[in-house]
Amino acid sequence: MTTTLPPLGTPPPGMPQYADIPRLDVAKIRADFPILDREVNGHRVVYLDSGNTSQKPRQVLDAMREHFERHNGNVARSVHTLGTEATAAYEGAREKVARFVNAGSSDEIVFTKNATESINLVAHSMLAASLDPPGDPRLKVGPGDEIVITEMEHHSNIVPWQMLCERTGATLRWFGITDHGRLNESTLDELVNPRTKLVSMVLVSNILGTANATARITERVRAVGALLLLDASQAAPHKPVDVVDLDADFLAFTGHKMLGPTGIGVLYGRRELLAAMPPFLGGGSMIETVTMQKSTFAPPPARFEAGTPPIAEAVGLGAAVDYLTAIGMDSVAWYEKQLTTYALEALHAVPDLRIFGPPTPVGRSGTISFDLAGIHPHDVGQVLDAEGVQVRVGHHCARPTCVRFGVAAMTRVSLYLYNTTDEIDALVAALAKVRKVFA
Amino acid sequence: MELDQLYQDIILDHYKKPRGRGLRDPTVASGSVAQVRHVNPTCGDEIDLRVHLADGKVVDVSYEGMGCSISQASASVLYELMVDRPVDQALSTVDAFTEMIGSRGQVEPDEAILEDGVAFAGVAKFPARVKCALLAWMAFKDATVQALAVEGTPS
């Protein structure tokens, strides 16, 4: 008896089919980004620095212009039409962001200046809870308590915790990194223990590109009763991020790395935690009542948004979320995975090039840092710029990671949905020029 | 912007064959010594630089550090220029170099004073690299002022 097999390479029925792969039309996307048409030093710009800040599509620029031209007013305090429209736009952006990360309610979304401020908000609120008598025990830290971060954090997820520990007498502890740039989880049970108050870690490393699998850590965090903050600055722009799935207490990210403007960041916080947290900045809009003796504070998220917020920036971020959602974050993630595979293969083929971080396109993002023949990254970046190729050089605000790999600086390429394989070819050609200048 | 304005042959030569590199102990007992560490926080470049002054002269400038071609070459040029120079002249040379680098290309450098240092005139047009070129020079100025202060202290 013979069975007829489908042609080689075709998945059997019932399995995901080739046609099911989420796709995006990169040429169509590129047409939305006017800056990608400009020249730099006589070459069409090759922008490979989206991990630093992303470019902005026309849709985002138009939404901000439209806001200023048609709906500009202050929020949360005006009875007039323009103020009401501005408030609706600002709160509408909050709802879009809430849906984007699958938050249960838009009240769990606090707008900040950037991810750095989001993390500082939590750290400062914990400091206040530690100093003021009725502080919530989950937020109070003192001598004997521990906060755990990792060796692959951006400075924004290191310094606020160092400051909190210095001020409260708590101890800061670190997950290490393996030689392949993965988080070393072998010490998990000792590192995260009943003394741990909070684990704060990056979802996707801004320097190594490592995409951390958080499930085991989350489970341990829950077992010891600690809190979990995830820095999603390099994750939210590139793949689906779901706070329910991740079971995070806090999630921080920034608008300008995900096609939005600068000046707007996001802190997601579990509703009951935000409700228990003392304010960070004091001022207008965050109060319930103010007397000359004492003030009481508004419920979240207003409690954490003192002063006039970045209104047009929120509108811009909302437009960016709409743009990404229309393409589909699955499509973005899939496309970037293909691009990353191509880039890793191309870079592995460059002589004397050493990649820091995961060498394969599995469990990593399109952020690739490397050393080229010991040539200083500043010199690499300068020659690349002369060829129109824009990359980041330096310690990437992650000095402990550089120290871990024994270098002062790295050259970093970071890809996004508008990049192409042609641009990776241009990078490789420009790297050959670097070799020539410093031969 | 033309890349060879920045990476002049003189600079690449100093980078590949640095002069006076390595921290040295004073060979003569007289005079005063000061050592500083300067860093460029934006890129992590570092230099440890030691100055030995005696009889109003720069006896030695020795240094160790890591950094890009511009910062390494400028330390090498600094060494060549400063050794055996009277201290007041050395400091005015630092000023001339700083002025040239910070001028965005507006100041015509004086080769009689700056010698190989004029090769860095092109750096002035690359604002991101100005700090690289100045790292060793600021360290030298700092160390020299410190050594002078020690010298001025009655023993």
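Each protein sequence line maps, in turn, to chains S and D.
Throughout, the working numbering is defined as the position within the first sequence, counted from one, plus 116.
The letter at position 54 of the second sequence is residue 50 when you use the working numbering, and the numbering goes up by one with no holes.
Note that the Cβ used here is the ideal one computed from N, Cα and C, for glycine as well.
Proximal residues to residue i (C-beta, below 8 Å), its chain only, five neighbours per side dropped
i: S151(D); result: No answer about S151(D) holds up, because its pLDDT of 43 lies below 50 and its placement is not dependable.
i: R174(S); result: D148, F149, P150
i: E42(D); result: R33, H34, V35, N36, G61, M62, G63
i: T38(D); result: K127
Within 8 Å, strictly: CB atoms of residue i and residue j
i: P425(S); j: F227(S); result: yes
i: A209(S); j: L433(S); result: yes
i: A449(S); j: K373(S); result: no
i: I274(S); j: I263(S); result: no
i: P493(S); j: A545(S); result: no
i: M268(S); j: T527(S); result: no
i: G297(S); j: F472(S); result: yes
i: L375(S); j: A436(S); result: yes
i: G220(S); j: R338(S); result: no
i: P143(D); j: V55(D); result: Correcting the residue identity first, residue 143(D) is Ala in this sequence and not Pro. No; because the gap between Cβ atoms is not below 8 Å, this pair is not in contact.
i: L177(S); j: N188(S); result: no
i: L280(S); j: L307(S); result: no
i: D468(S); j: L440(S); result: no
i: D495(S); j: S65(D); result: yes
i: P105(D); j: A86(D); result: no
i: I6(D); j: A115(D); result: yes
Sequence-distant residues of its chain with Cβ nearer than 6 Å to residue i (five each side left out)
i: V320(S); result: A327, Q350, A351, S481
i: H10(D); result: A69, S72, V73
i: A364(S); result: L344, L346
i: F369(S); result: A231, A348, S349, A352, V382
i: L140(S); result: I443, S447, Y451
i: A139(D); result: A30, V32, L45, V47
Run of the beta strand (DSSP E) containing residue i, from where it starts to where it stops
i: M115(S); result: Lying outside 117 to 555, the shown extent of chain S, residue 115(S) is not represented and no answer is given.
i: I427(S); result: Premise fails: I427(S) lies in the alpha helix (DSSP H), 427 to 443, not in any beta strand (DSSP E).
i: K313(S); result: 312 to 318
i: S72(D); result: Segment 65 to 78 is the alpha helix (DSSP H) holding S72(D); no beta strand (DSSP E) there.
i: E291(S); result: The displayed chain sequence assigns Phe, not Glu, to residue 291(S). Its beta strand (DSSP E) spans residues 287 to 291.
i: T200(S); result: That residue, T200(S), is in no beta strand (DSSP E); its alpha helix (DSSP H) goes 197 to 216.
i: E335(S); result: E335(S) -> not in any beta strand (DSSP E); alpha helix (DSSP H) instead, spanning 331 to 340.
i: K53(D); result: 53 to 62
i: D347(S); result: 343 to 347
Neighbouring residues, chain D, relative to residue i (Cβ below 7 Å)
i: V553(S); result: Y3
i: D495(S); result: C64, S65
i: R515(S); result: G40
i: G510(S); result: T38, C39, G40
i: H492(S); result: G63, C64, S65
Neighbourhood of residue i by C-beta, 7 Å cutoff - its chain only, sequence neighbours within 5 removed
i: K549(S); result: V499, E503
i: A50(D); result: V24, S26, G27
i: I540(S); result: Y458, A459, A462
i: G497(S); result: V507, V509, T527
i: R100(D); result: A120, K121
i: W133(D); result: S70, L74, V90, F93, T94
Amino acids of chain S, ordered along the chain, whose beta-carbon sits closer than 8 Å to that of residue i
i: L(-1)(D); result: Q498, V499, A502, V553
Run of the alpha helix (DSSP H) containing residue i, from where it starts to where it stops
i: S28(D); result: Segment 28 to 36 is the beta strand (DSSP E) holding S28(D); no alpha helix (DSSP H) there.
i: R470(S); result: It is not in any alpha helix (DSSP H) - R470(S) instead sits in the beta strand (DSSP E) that spans 469 to 472.
i: M242(S); result: 231 to 247
i: M402(S); result: Careful: M402(S) lies outside any alpha helix (DSSP H) and carries neither H nor E.
i: F554(S); result: Looking at the DSSP string, F554(S) is not in any alpha helix (DSSP H), and its letter there is neither H nor E.
i: V519(S); result: 515 to 520
i: G381(S); result: Per DSSP, G381(S) belongs to no alpha helix (DSSP H); it is in the beta strand (DSSP E), 381 to 385.
i: Y11(D); result: 5 to 12
i: D0(D); result: -1 to 2
i: F184(S); result: 174 to 186
Top-ranked residue by Cα proximity to residue i, from the options
i: F420(S); options: I263(S), L383(S), Q175(S), A546(S); result: L383(S)
i: Y163(S); options: A555(S), R551(S), L390(S), D538(S); result: D538(S)
i: E166(D); options: I97(D), L8(D), L77(D), G101(D); result: What is shown of chain D runs -3 to 151, which leaves residue 166(D) out entirely.
i: I225(S); options: A239(S), G251(S), P417(S), E335(S); result: P417(S)
i: E207(S); options: V191(S), N218(S), A219(S); result: V191(S)
i: Q278(S); options: S316(S), T303(S), P477(S), V308(S); result: S316(S)
i: T456(S); options: S170(S), T483(S), T126(S); result: T483(S)
i: S530(S); options: Q133(S), T405(S), T169(S), F521(S); result: T169(S)
i: R515(S); options: I323(S), V406(S), K144(S); result: I323(S)
i: G399(S); options: A414(S), V523(S), V359(S), V505(S); result: A414(S)
i: S234(S); options: N535(S), G423(S), F366(S); result: F366(S)
i: G341(S); options: V359(S), V523(S), L314(S); result: L314(S)
Amino acids of chain D, ordered along the chain, whose beta-carbon sits closer than 9 Å to that of residue i
i: A524(S); result: C39, G40, D41, E42, M62, G63
Within chain D, the residues that residue i reaches when beta carbons sit closer than 8 Å
i: C518(S); result: G40
Residue i CB to nearest heavy atom of the ligand COA below 7 Å
i: D51(D); result: The ligand COA is absent from the structure shown, which contains no ligands of any kind.
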